[in-house]
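With our numbering, the residue at position 43 of the sequence shown is 43, and numbering never jumps.
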Amino acid sequence: VIRGSRWTRVTGEELQITLEGIVRPEDISVNNTVLSRNIADARIFFNGKGPITTVQLPGWVSILLSFISPF
Numbered sequence: 001v002i003r004g005s006r007w008t009r010v011t012g013e014e015l016q017i018t019l020e021g022i023v024r025p026e027d028i029s030v031n032n033t034v035l036s037r038n039i040a041d042a043r044i045f046f047n048g049k050g051p052i053t054t055v056q057l058p059g060w061v062s063i064l065l066s067f068i069s070p071f
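Listed below in structure tokens is the structure:
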């Protein structure tokens with residue numbers, strides 16, 4: 001199992017990109033890298049901090065309605 005994370009800045013937004021998945025030991029190169037096609041069950045997560053992320057968060061009314069009627 002591998003997991004890596006990196007912070008970067010995109011359009012004024014701080015963005016954390018996390019990659020995780022399963023790799024066979026023989027797919028790890030001598031310089032400790034893996035080709036993306038060799039990562040099984042790959043998952044990529046994005047987590048941002050900044051004005052764009054703040055605007056995209058749901059308001060309290062949306063949170064309340066999803067709690068009352070989750071479907």
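Virtual Cβ for every residue (Gly too), placed ideally from N, Cα, C.
Subject >> Residues that Arg37 bridges to, as DSSP identifies them >> reply: For the purposes of this step, residue 37 is taken as residue 37 along the sequence shown, with counting starting at 1. DSSP lists no bridge partner for Arg37.
Original post:
Hey, Gly48 and Leu15: beta-carbon distance below 8 Å or not?
Top reply: As a position in the sequence shown, residue 48 is number 48, starting the count at 1. As a position in the sequence shown, residue 15 is number 15, starting the count at 1. Using a Cβ distance threshold of 8 Å, Gly48 and Leu15 count as a contacting pair.
**OP:** Give every residue of the same chain whose Cβ lies closer than 8 Å to the Cβ of Asn38, excluding the five residues on either side of it in the sequence, and list them in chain order.
**Re:** On the sequence shown, residue 38 is found 38 positions in, with the first residue counted as 1. Contacts found: Val23, Arg24, Asp27.
**OP:** Measure the CB-CB distance between Ala40 and Gly21 and report whether it falls below 8 Å.
**Re:** In the sequence shown, residue 40 corresponds to position 40, counting from 1. In the sequence shown, residue 21 corresponds to position 21, counting from 1. The answer is yes: Cβ separation under 8 Å.
Original post:
Taking just the CA atoms, how far does Ile17 sit from Arg9?
Top reply: Here residue 9 is taken as the residue at index 9 of the sequence shown, counted from 1. Here residue 17 is taken as the residue at index 17 of the sequence shown, counted from 1. When rounded, the distance between both Cα atoms is 11 Å.
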